[in-house]
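Let me begin by presenting the structure, written as structure tokens, before commenting on it.
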Amino acid sequence: EGPIHCHGFAWGNDEMDVLARYKANNLFFVSMYDHMSQRGYVRNIPGAPMCGCLEKMPIVSRSDCTQTNVQESYEFFKNSASDGFTGTIKSTQVEFQACQAEKNNDLASYYQRLVNEERITTSQQEVFKKYIVGNNECQNTINAYLQSRSYTTGFKPDSSRWTYFVGEGSLRDEENETTDALKVRAMFEAAPNKIIRRACLNCYNSHKDIYYKRLTALPENFDILNLMMNDWLNTDNVLNVDFELYSTYSDAVAGNQDARWTYCNYNDYGIGFPRDCGPTGYVPHQWNSYYRGGGHAKNHAFFVEASPDFVYEAKNIAVGKTIAQSSTGWSGDANRALDGNTVGIYNWNTVTHTQWNNPAYWIVWFGTNAEVNEVYFWNRIDCCRDRLSNVVVELLEGMNGGDVVATQTFSGNLPVMNKVDFGGKTGQSVKIYMPNKTGVMSLAEVQIFGSLDETQVIKNVATGGTVSQSSTAYGGAASRATDGNTNGNWGGRSTTHTHTSTNPWWKTKMANANSVQKVVIYNRYDCCWQRLANPIVSLNLNGALVKEIKYEGTVGRGASQEFDFEGAEGDEVMVRLEGTNRILSLAEVQIFS
């Protein structure tokens with residue numbers, strides 16, 4: 001027996017049942033005689049006194065059990081005045097032994113026997129499981145006790161030894177969260193022993209603190225952040241081949257093979273670390289998932305071994321540049337692909353989404369020549385993974401187009417994380433698209449590494465100016481054309497709208513005069529896109545016309561049209577339509593200088 005000992009007994013509902021009639025004897029034997037007198041169990045435990053009200057006592061995970069074996073001798077006399085007999089007990093012999101059930105000397109098993117024999121009810125058994133002996137209810141009881149004393153459970157490791165990167169529930173630390181897969185990988189590779197730790201408040205004791213130790217190097221396209229959060233797979237991740245699991249950090253560092261876990265399963269998309277892995281066998285529901293339910297790890301956090309000298313210097317050269325996509329659906333704007341979050345869960349508002357297009361694409365223009373090395377992009381994961389298939393990634397010579405400098409094709413359905421290496425080739429745009437089919441493209445993130453001269457970058461100077469239009473209908477304000485959103489769907493609240501009028505116009509007065517290279521206008525997508533026919537774009541300086549360009553034709557549905565001003569100086573740009581009964585709607589206006 002250990003330092004804490006639990007012992008109990010049980011009886012049935014029938015008051016004439018021998019177990020019920022001698023329950024006081026059992027109580028005296030278990031508590032006063034056997035345990036206090038004979039064994040000397042007389043110390044109280046804080047929060048669990050030897051005597052107390054049931055609902056105030058903590059539940060236990062297991063208890064020993066004593067039952068009574070009773071032999072009674074009766075003497076019966078024939079009633080002379082009436083039918084029947086009168087009986088009296090002449091002697092009683094009471095013996096005490098370990099409860100006999102499927103598991104001997106086990107209170108929960110003995111209680112189940114009484115239920116099976118219909119001596120007590122199943123509703124009584126539920127109360128028994130709630131207050132007396134219950135599987136995995138200890139933490140709930142502990143939490144309730146702590147809350148009654150104004151404490152809350154938590155976990156805070158030594159920050160000099162462990163660096164937090166992601167978590168859920170009460171252990172989530174949003175201020176220090178890292179949902180960039182490449183940064184988490186870099187943190188892991190800088191760790192001295194290549195160990196990741198997961199702490200979980202409401203998991204089984206065996207899974208409250210787990211240490212993942214890597215044995216083999218991470219493959220090139222290995223997303224260890226997604227592995228931990230959402231997709232516990234066995235691709236390059238096999239227990240005791242590629243990694244080991246331990247219950248203590250000291251065993252993990254030492255590589256103590258006697259202490260390492262022996263069982264793992266994998267490959268249920270959406271279920272993260274450690275699925276049903278266990279120290280010696282299958283242990284269900286101790287996994288975490290950030291978009292699927294069912295796991296017990298509601299309050300958990302991941303940490304990587306701290307490296308004092310770690311500095312993450314990688315710079316995504318696409319950030320702050322000009323981006324667009326074939327169209328926008330369900331508010332999945334193109335700029336979500338550059339928010340630094342590689343986790344492809346749509347309701348986190350960090351994943352792009354086009355309409356059904358042929359082809360669907362996402363594109364970034366650097367605004368100058370760039371030497372492009374690696375291009376990484378991440379797929380959506382919460383649903384629709386197979387939409388991202390047969391993808392082409394191109395490095396283009398010019399603004400959103402021009403000659404193809406380099407290309408790479410991905411056949412079939414794509415995994416979560418994908419990589420292209422253009423080897424330092426020079427171009428101005430990177431385009432990701434799905435050719436020769438009508439499809440939807442959703443990207444969680446795009447990261448592009450290379451070099452460029454930021455002082456030479458042509459940037460969109462339309463934002464920050466003073467905008468106006470000839471009239472406003474249905475809430476389609478002029479400011480929508482410079483909100484950074486090319487979404488051409490009216491429901492996205494990013495498209496302008498004038499009244500039906502003669503010669504409707506839209507314009508922006510920039511804060512300063514600029515050398516304007518190009519003006520790009522974006523058309524509406526969902527309906528009425530044919531209205532943007534024969535648009536005229538003019539550049540003014542101090543109220544005087546500098547240059548005017550007319551496009552002959554109709555701008556395509558959800559498409560963009562460029563107007564080349566070849567560096568002309570100006571401080572105002574106007575877009576207008578000529579004629580009567582015209583309506584001007586613009587999804588976006590970009591002015592590049």
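Just so you know, the sequence shown maps onto residues 1 to 593 in the UniProt record's numbering.
Glycine residues also receive a C-beta, built at the ideal position from the N, C-alpha and C atoms.
Bear in mind that the values here come from a model prediction, so they are computed numbers and not experimental data.
- About 4 Å separates the beta carbons of GLN355 and SER327, which is inside the 8 Å limit, making them a contact pair.
- Secondary structure of VAL241 (DSSP, three-state): coil.
- Contact between PHE449 and ILE317 holds: their C-beta atoms lie close to 7 Å from each other, under 8 Å.
- When the alpha-carbon of ALA370 is set against those of PHE76, SER250, GLY423, ARG576, the nearest one is in GLY423.
- Look at the region 138 to 213 and you find these whole runs of beta strand (DSSP E), each 3 residues long or longer: 162 to 168, 195 to 200.
- Beta-carbon to beta-carbon, GLN67 and PHE28 are separated by about 14 Å, too far to satisfy the 8 Å threshold.
- Note that the C-beta distance between VAL457 and ASP421 is not below 9 Å.
- When the five nearest sequence neighbours on each side are left out, the beta carbons in the same chain lying within less than 8 Å of the beta carbon of LEU182 are those of ALA314, THR342, TYR376, GLN447, in order along the chain.
- Secondary structure of ASP309 (DSSP, three-state): coil.
- Contact between the region 65 to 83 and the region 101 to 112 is present: 3 or more CB-CB pairs across the two stretches fall below 8 Å.
- Burial check for GLY402: the Cβ neighbour count within 10 Å stays below 16, so the residue is exposed.
- For the beta strand (DSSP E) assignment, the uninterrupted runs of no fewer than 3 residues enclosed by the region 445 to 490 are, from N- to C-terminal side, 466 to 469.
- Distances from the alpha-carbon of TYR131 to those of THR216, LEU395, LEU54, VAL351 put LEU54 closest.
- In the structure shown, HIS35 falls within a helical segment according to DSSP collapsed to helix, strand and coil.
- Apart from the 5 residues on each side of it in sequence, PHE310 sits with its Cβ closer than 7 Å to the Cβ of MET187, ALA190 in its chain, given in chain order.
- ALA48 sits in a strand when the DSSP states are folded into three classes.
- Counting along the chain, no beta strand (DSSP E) covers ARG21; the unbroken alpha helix (DSSP H) around it starts and ends at 18 to 21.
- Annotated three-state conformation of TRP529 is helix, per DSSP.
- Beta-bridge partners of TRP261 (DSSP): none assigned.
- Of the residues assessed, PHE85 falls on the exposed side of the cut-off, its CB having fewer than 16 other CB atoms within 10 angstroms.
- Distances from the CA of VAL520 to each of ILE583, ARG582, ALA306, MET399 were compared; the closest alpha carbon is that of MET399.
- Closest in alpha carbon position to THR580, among SER247, THR502, THR455, is THR502.
- Fully enclosed beta strand (DSSP E) runs of no fewer than 3 residues occupy 85 to 98 of the region 80 to 140, in order along the chain.
- Of the other Cβ atoms in all chains shown, 16 or more fall within 10 Å of the Cβ of ASP180; this residue is therefore buried.
- According to DSSP, residue pairing for ILE59 in a beta bridge does not occur.
- Excluding sequence positions up to five before and after TYR291, its CB lies within less than 6 Å of the CB of ILE345, ASP382, all in the same chain and listed in chain order.
- Distance check between PRO219 and each of ASN205, ARG185, TYR211 places ARG185 closest, using alpha-carbon atoms only.
- Judged by their CB atoms, GLU177 and PHE165 are nearer to each other than the 9 Å cut-off.
- Under the three-pair Cβ rule at 8 Å, the region 538 to 547 counts as touching the region 567 to 574.
- The beta carbon of GLY553 sits closer than 8 Å to those of ALA533, ASN534, all from its chain and outside the five residues before and after it, given in chain order.
- Residue pairing for ILE536: DSSP places it in a beta bridge opposite LYS550, ARG576.
- One thing to note: VAL283 has its Cβ within 9 Å of the Cβ of SER206.
- TYR290 carries a coil assignment under DSSP once its states are collapsed to helix, strand and coil.
- Exclusion of the five residues before and after ALA406 leaves LEU395, PHE422, LYS425 as the residues of its chain whose Cβ lies within less than 7 Å of its Cβ.
- Distance from the CA atom of LEU225 to the CA atom of SER429, rounded to whole angstroms, is 28 Å.
- The alpha-carbon of GLY484 is positioned some 16 Å away from that of THR350.
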